[in-house]
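The structure appears below as structure tokens.
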Amino acid sequence: MSPRTPEQNKKIREQTQQKIVDAGFTLFAREGYASTSIAAIARKAGVSKGLIYHYFDSKEAILSTIFDQMIDLGDEILDFPDDFTPADKMRQTLQETFQFIEQQTGKGRLMITLALQPETYSNLQSKIERVNETQTVKYIEMLRELGHQQPELEAYRLGALMDGILMGYATMGEAYPLEKMKKKIMEDYVPS
């Protein structure tokens, strides 16, 4: 058997690191950040505690990586082709946000849970604020382009609506009227 190439080693490292992040995410969402230990993450990921410390300095570093990945996802949602109209931008933003709510419910639940845990919030405050600020600024920009009279206030309203929908779906699951809410939000915010 021939030795691995540097590219193969890099891919293995990235896969191992992501396996640790995924295990941390699952446990943080299910058990809570404070109740999750590095040992539990190692068991869930199928790696040793020592290997976790090879990739991450602490449990907080794993959480920080999770937030970085969610920030990247948010940035992708708010990245539009140059030829998009204001209505196209709002439509895409809302469609992708609803897709996130439906397909990534655990990540949404984790965001809500962590935002409500003071010890965690203080450690990640700058990242949480960046996510909220980026979202709000983009909403304001889109709402202004769509001609809303009070785009700042409307942006906070839309953000609160989406947070509430996320919380409702995360707690009620299939019993939550997600499709009806999506239809109503699209009618209210995307001009036909």
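Numbering-wise, my numbering puts 62 at position 62 of the sequence shown, and it's gapless, one number per residue.
Note that beta-carbon positions come from the ideal geometry of N, C-alpha and C, so glycine has one too.
Please read these numbers as outputs of a predicted model, since none were measured by experiment.
Residue i - DSSP class collapsed to helix/strand/coil
i: proline 3; result: coil
i: histidine 148; result: coil
i: leucine 78; result: coil
i: serine 126; result: helix
i: alanine 29; result: helix
i: methionine 83; result: It should be noted that the sequence gives aspartate, not methionine, for residue 83. Here aspartate 83 sits in coil by DSSP.
i: leucine 94; result: helix
i: threonine 65; result: helix
i: aspartate 22; result: helix
i: tyrosine 176; result: coil
Separation of residue j from residue i, as counted between CA atoms
i: proline 6; j: leucine 110; result: 35 Å
i: methionine 167; j: glutamate 31; result: 17 Å
i: glutamine 15; j: glycine 147; result: 46 Å
i: lysine 49; j: asparagine 132; result: 33 Å
i: threonine 85; j: proline 151; result: 17 Å
i: lysine 184; j: glycine 74; result: 22 Å
i: glutamate 145; j: aspartate 88; result: 11 Å
i: alanine 170; j: threonine 113; result: 11 Å
i: aspartate 157; j: proline 191; result: One point to set straight first is that residue 157 is arginine, not aspartate, in the sequence displayed. Looking at the two C-alpha atoms, the distance is approximately 17 Å.
i: glutamate 179; j: phenylalanine 98; result: 9 Å
i: aspartate 82; j: aspartate 68; result: 26 Å
i: tyrosine 55; j: glutamine 103; result: 28 Å
i: glutamine 135; j: arginine 4; result: 43 Å
i: isoleucine 140; j: glutamine 149; result: 11 Å
i: glycine 159; j: methionine 172; result: 20 Å
i: glycine 46; j: glutamate 187; result: 46 Å
i: alanine 39; j: glutamine 17; result: 15 Å
i: glutamate 174; j: arginine 130; result: 31 Å
i: arginine 43; j: glycine 108; result: 24 Å
i: lysine 2; j: glutamine 8; result: The question names lysine, but residue 2 in the sequence shown is serine. About 12 Å.
Residue i and residue j closer than 8 Å at C-beta
i: glutamine 92; j: phenylalanine 80; result: yes
i: isoleucine 62; j: isoleucine 20; result: yes
i: glutamate 154; j: leucine 161; result: no
i: tyrosine 176; j: methionine 90; result: no
i: isoleucine 77; j: isoleucine 165; result: no
i: alanine 34; j: glycine 106; result: no
i: serine 64; j: leucine 124; result: yes
i: isoleucine 71; j: lysine 10; result: no
i: lysine 59; j: threonine 26; result: no
i: glycine 24; j: isoleucine 41; result: yes
Any non-hydrogen atom of the ligand COA closer than 7 Å to residue i Cβ
i: glutamate 187; result: As far as ligands go, the structure on display features none, and thus does not contain the ligand COA.
Test: residue i CB closer than 8 Å to a CB of chain B
i: threonine 136; result: Of the protein chains in the structure, only one exists, and it is not chain B.
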